[in-house]
Each structure stands twice: as structure tokens, then as C-alpha cells.
């Protein structure tokens with residue numbers, strides 16, 4: 001077991017970007033559950049995040065000494081009190097049943113466990129610790145965490161890429177990250193797929209970024225079956241590398257799109273897969289608009305704090321569309337993303353407002369000014385998203401109750 005104070009001091013002595021919203025949400029879970037799990041991709045900041053909680057005991061399962069200590073896990077853990085942090089829990093998933101026993105019998109223990117994001121790890125933890133574990137998916141950094149949104153957009157939200165001394169260093173790190181993820185993390189999850197094959201598939205997916213996903217077209221282009229294409233996609237979605245946004249199907253008499261939309265979650269990884277390595281290249285690239293849409297969408301989804309299955313998009317075969325739809329407080333809400341200097345009201349906005357009975361529609365764009373297009377349509381800068389729509393939601397709900 002490491003000296004927790006020295007380990008945390010080492011982590012916190014490096015450049016640390018405060019992540020107030022993540023910290024608040026994790027703290028709430030820790031107040032409710034005896035076990036809190038922070039799952040996320042490698043290098044997204046899980047260990048740094050845990051350092052804010054000042055563990056009484058820390059086990060790092062990448063350290064041979066800690067692994068040896070946990071060869072007899074009950075003896076190692078049952079005498080401990082306070083907050084116990086176990087890092088890299090995916091290396092010892094057999095701990096989950098023991099943790100259930102410990103938290104049921106030792107009221108003075110709390111656990112914060114950190115692990116790679118995977119559906120199998122989630123399944124194991126959920127089955128063994130049902131009702132005892134709060135789960136938090138830690139993503140990358142967001143616009144609310146940093147001051148330079150242009151660097152964040154280009155390089156993405158992995159701290160080491162964002163904080164690199166220059167773009168060249170950032171994209172060198174991202175390329176090595178992709179290689180390590182495919183050659184180390186995927187096999188560690190028990191998935192047997194050649195790294196080169198999954199890399200080619202991931203690169204092909206990047207061309208669908210912000211578009212409807214056509215499994216038939218994808219599988220034919222890659223020379224695999226639909227079932228294999230879905231399997232590969234499930235792996236990348238299950239490790240939180242890609243997002244598949246499902247279409248919303250209200251009870252309306254219109255022909256609606258039924259295929260999901262696909263996004264590479266981290267903008268830096270998307271740019272690396274596309275060969276974009278500078279802002280000049282990005283601004284002249286055909287995927288410029290799609291890149292910004294995906295970047296803005298991830299930031300909005302983070303601010304909403306909703307589960308992936310609660311979020312959707314809407315599109316009719318007639319061309320009306322809404323990029324993001326969700327329910328809150330018994331009302332319907334929506335966001336349209338526009339990479340434009342001054343977005344204007346469109347016919348599509350009126351159609352989706354009527355189809356979906358939206359309480360409010362926000363048009364999120366990269367500019368600086370906030371303004372209204374109508375009583376229930378607001379143009380909102382990406383940097384103002386949290387405060388902007390929290391005010392509108394509260395105002396709308398209060399007005400409805402009144």
C-alpha cells in the first residue's frame with residue numbers, strides 16, 4: 001500500500017485543472033453510497049480526481065507491492081477505516097464480492113474505486129454491489145474547466161494533450177494514446193481483435209462523425225458482416241471512445257429517421273484520426289462543421305448530467321432536424337448546433353418546436369453574444385451553456401406553474 005499522502009502530493013503538484021462539476025457530482029455519490037466507482041478511459045484524470053478526496057488508504061493495482069498485499073484481500077482490507085481508494089480495479093475484479101461483504105459489516109469504511117471504462121467491469125460491479133455503489137463516468141475536460149476553448153476543441157480534453165507545450169507535442173501524444181489503447185487496453189479487457197484492424201475501423205468511423213450511421217454501408221466498405229461491424233462499434237462505444245445518439249420517435253404521423261448518429265467523443269482523438277494537427281488545417285477541413293458540432297455536443301451532454309439513454313436527436317425525412325433532445329421537469333427541450341457567426345431562425349426550428357412541443361430551443365454557437373430569435377428560441381454561446389439554459393428552464397417551469 002502506498003503512502004497515500006506522498007502519492008496524492010505528487011499527483012497534485014503537477015498542473016491540475018479544477019473540475020468543479022465532476023467533483024460536486026462525485027461528492028454527492030460518496031455521501032449516498034458506501035462504494036463510489038469512477039470509471040473512465042486511461043489518462044482522463046481519474047487518479048488526479050481521487051487525489052482531491054484525501055484517502056486514508058490507497059492501493060494502486062499497477063504497483064506490484066500493492067497487488068501482492070491484496071493476494072489476501074480480506075486480511076488487507078478488513079482492519080482499515082476511513083476512505084480506501086483502489087486504483088485500476090479492473091485488474092482485480094474479484095474484489096467486488098468482498099467489497100460488498102466489507103461495507104455491509106464495517107460501517108466505518110468507504111471505498112472509492114477507479115477503473116477503465118468497460119461494460120464488463122460495469123456489469124461485474126453492478127451485480128456484486130447492487131444498491132451499494134454509485135457509478136460515475138469521468139470523461140475528458142470540458143469548456144467549463146478551461147479558459148481556452150480553441151485549444152480544447154483542437155487538442156481535445158485529455159489533460160496531457162491539452163497541456164502539451166505545442167500542437168505537435170499534443171498530437172504526438174494522441175497518436176501514442178490511440179496505439180496504447182488498441183494494443184494494451186483492448187486486450188486487457190479480454191477482447192481479441194488485431195490492433196491494426198480496430199484502428200482501421202475506428203478511422204473509418206471518424207468519417208461518419210456527426211452523420212447517420214449506415215451499418216450496411218460501413219460493413220461493406222470494411223469487408224465485414226453487419227454483425228461484426230456492430231461488435232466493433234459496441235467495443236468502441238463501451239469504452240466511451242464513440243457516442244451513438246439514438247433518434248427520438250414521438251407519436252407523430254411523420255416519416256422519421258431511425259438510424260443513430262455517430263460521434264467520436266473526444267475532439268482531439270477525432271482530429272488525430274482524421275489527420276488534422278493544427279487549427280489552420282482544421283479551419284480549412286471539410287469536416288470543420290461536424291467537428292465543432294461533436295465538440296459542442298459533448299460539452300452540452302456533460303453539462304446536462306443525464307445518462308446517454310436519456311438523450312436523443314430528431315430528424316424527419318422532410319429535412320427538419322434537432323441535434324439534441326431531452327426531457328426535464330415533464331417538459332421537452334432541445335439544442336441545435338450552428339457553426340456560424342450569427343445564427344438566424346429557420347423553418348426547421350419552427351417544425352421541430354411544433355413536432356416535439358419544445359418548452360425551449362437553444363441554438364448553441366461559437367460566438368460571444370446571447371440573443372433571442374423568438375420567445376422560446378435563444379441563441380447561446382457555447383461558453384455560456386450552463387448558466388444560459390438553467391435560467392431558461394427555471395423561468396419556463398415557473399411560468400408554466402404560475
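Numbering (the UniProt record's numbering), first residue to last: 1 to 402.
Beta carbons are placed, not taken as given, at the ideal position from N, Cα and C, and that holds for glycine.
(request) With distances taken Cα to Cα, identify the nearest neighbour of residue 223 among 200, 236 and 238. (result) The shortest C-alpha separation from residue 223 is found at 200.
(request) Can you give me the start and stop residues for the beta strand (DSSP E) that residue 109 sits inside? (result) Unbroken beta strand (DSSP E) run through residue 109: 109–116.
(request) My understanding is that residue 324 touches residue 356, with C-beta atoms under 8 Å, so please give their C-beta distance in whole angstroms. (result) The C-beta distance from residue 324 to residue 356 rounds to 11 Å, too long to fall under 8 Å, and the pair is not in contact.
(message) Could you compute how far the alpha carbon of residue 75 sits from the alpha carbon of residue 98?
(response) Approximately 11 Å, taken between the alpha carbons.
(request) Have a look at the DSSP bridge pairing and note the partners of residue 326. (result) Answer is 333.
(request) Spatial neighbours of residue 370 within its chain, please: CB distance less than 8 Å, with the 5 preceding and 5 following residues excluded, ordered by chain position. (result) Contacts found: 378, 379, 380, 381, 384 and 388.
(request) May I have the straight-line CA-CA distance separating residue 52 from residue 22, to the nearest angstrom? (result) A straight line joining the alpha-carbon of residue 52 with that of residue 22 spans about 11 Å.
(message) Tell me the DSSP secondary structure of residue 248 in three-state form.
(response) Correct three-state label for residue 248: coil.
(message) Quick check on the burial criterion: 16 or more other C-beta atoms within 10 angstroms. Buried or exposed for residue 217?
(response) When all chains shown are included, residue 217 counts as exposed.
(request) Note down the Cα distance separating residue 134 from residue 35, rounded to an integer number of angstroms. (result) Distance between the alpha carbons of residue 134 and residue 35 is about 6 Å.
(message) Quick check on the burial criterion: 16 or more other C-beta atoms within 10 angstroms. Buried or exposed for residue 19?
(response) Residue 19 comes out buried.
(request) Counting only the same chain and skipping the five closest in sequence on each side, list residues whose C-beta sits under 6 Å from that of residue 273. (result) Apart from sequence neighbours up to five positions away, the residues of its chain that approach residue 273 with a beta-carbon distance below 6 Å are 203 and 206, ordered along the chain.
(message) Which of the three DSSP states is assigned to residue 86 in this structure?
(response) Strand.
(message) Quick check: the Cα distance between residue 28 and residue 137, rounded to an integer number of angstroms?
(response) Taking the straight line from one Cα to the other gives about 14 Å.
(request) Can you give me the Cβ contacts of residue 212 inside the same chain, cut-off strictly under 7 Å, excluding the 5 residues immediately before and after it? (result) Close CB contacts of residue 212 within its chain, under the 7 Å cut and outside five residues either way in sequence, are with 257, 259 and 261 (chain order).
(message) Considering Cα atoms alone, identify which of 108, 46 and 196 is closest to residue 56.
(response) Out of 108, 46 and 196, 108 has the C-alpha closest to the C-alpha of residue 56.
(message) By alpha-carbon positions, which one of 362, 348 and 338 ends up nearest to residue 332?
(response) It is 362.
(message) I need the boundaries of the alpha helix (DSSP H) containing residue 199, first residue and last residue.
(response) Its alpha helix (DSSP H) spans residues 195–206.
(message) Is the separation between the beta-carbon of residue 142 and that of residue 240 shorter than 9 Å?
(response) No.
(request) Please report the residue range of the alpha helix (DSSP H) in which residue 60 lies. (result) Looking at the DSSP string, residue 60 is not in any alpha helix (DSSP H); the run it does join, the beta strand (DSSP E), is 57–60.
(request) Give me the Cα-Cα distance between residue 125 and residue 233, rounded to the nearest whole angstrom. (result) Straight-line Cα distance between these residues: approximately 23 Å.
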